[in-house]
Amino acid sequence: FPVTIIHVRDRLPPLISDCPDDITLSCTEIVPNLLSQLVASDNCSGINIIKSQSPASGISLVLPGPLPITYSVTDGQGNVSTCTSLISIIDTEAPVITCMANVTINNDAGVCGAVFTFTPPVATDNCGIPAVTQTSGLPSGHLVPVGTTTYVFRAEDSFGNTATCNSTVTVQDVTPPTITCVNPTVFLDNTGVVTVSYAQINGMSSDNCGGVLTFSPLSVSYNCTRIGPNTYTLTVSDASGNATTCMVS
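Following the numbering used here, the numbering of the sequence shown begins with 19 at its first residue and continues without gaps.
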């Protein structure tokens, strides 16, 4: 008699009746082993089924998430069923950022400011490396004007937590004004008096920061007892209190 061979195959994948629930973890934790929560069965009950998860337990969480976990159930015939749950990652801790100390510097020669170079602050965080941006102040290597300039830096981590720090750079104007005086010849009036103003003495004056200059004395009066050469000492001061004098006679 001819022999008939019947090949019996199993094409049915295992049945997953319960996939692990979505969970929330702190960013400092690792992927847990969730296979104990995976419930599955197979039509061939006498055959062992193999469970696995990816990423595997013990792996660091990939920030900022959410992180999908895929579970696989494989029977003895290689039939596979899968399901997926999510690990949401939380972090409420702000980064730590420390700015440079406040500094005071003198202006550069001939200009109303000073070129200031600095290294931006570095921030740290419990979850990764935060991004640091400068939100106020001039870039490094730029001319900072006389006065006080505030520098503000902001750190932000992968979860949107932020922290800021600030410091000040004060540029002092230590450059006195320049002045050139002239020697005027003046004449007494019919009362025997003549008044000389600073404008008659001040030939040219300027300052590295511009602005209003102050002159002293504003004027000097002479009479008949002062006929001949007389000394006039003119002082010019800038807004920072730097002063220069010239003397004419």
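Every residue, glycine too, gets a C-beta built ideally from N, C-alpha and C.
It should be emphasised that the depicted structure is a prediction, and the values quoted were computed from it without experimental measurement.
- V187 is the residue among S106, V187, A141, P86 whose C-alpha sits nearest the C-alpha of V133.
- Rounded to the nearest whole angstrom, the CA to CA distance from L53 to T102 is 12 Å.
- In terms of Cβ geometry, T153 and V170 form a close pair [threshold 8 Å].
- The three-state secondary structure of C242, taken from DSSP, is helix.
- T182 and P139 have their C-alpha atoms roughly 11 Å apart.
- Excluding the 5 residues flanking it on each side, I48 has same chain C-beta neighbours closer than 7 Å at G76, I77, S78, L79, in chain order.
- For C264, the closest alpha carbon among the candidates G221, G228, N226, E174 is that of G221.
- Judged by DSSP secondary structure, Q218 falls within the alpha helix (DSSP H) whose first and last residues are 216-219.
- Between I105 and L43, the beta carbon gap of about 6 Å places them in contact (Cβ cut-off 8 Å).
- C227: not part of any beta strand (DSSP E); DSSP gives it neither H nor E.
- Taking C-beta atoms as the reference points, N179 and T46 fail to come closer than 8 Å.
- Bounds of the beta strand (DSSP E) holding A173 are 165-174.
- A173 has its alpha-carbon roughly 57 Å from the corresponding atom of C62.
- Pairing I68 with I41, the inter-Cα distance amounts to about 23 Å.
- Spatial neighbours of C242 in its own chain (CB-CB distance under 6 Å, excluding positions within 5 residues in sequence) are listed in chain order as G210.
- Y240 and G228 have their C-alpha atoms roughly 32 Å apart.
- Rounded to the nearest whole angstrom, the C-alpha separation of H160 and S185 is 16 Å.
- Taken through DSSP and simplified to helix, strand or coil, Q55 comes out as helix.
- T116 sits in coil when the DSSP states are folded into three classes, being neither helix nor strand.
- Within a 10 Å sphere around the beta-carbon of I245 sit fewer than 16 other beta-carbons, which makes this residue exposed.
- Note on geometry: alpha-carbon atoms of F136 and S158 lie some 5 Å from one another.
- Proximity to V164 across D60, L81, D256 peaks at D256, based on C-alpha coordinates.
- By the Cβ-count criterion, V121 is exposed, with fewer than 16 other Cβ atoms from all chains shown falling within 10 Å of its own Cβ.
- D175 and D126 have their C-alpha atoms spaced approximately 38 Å apart.
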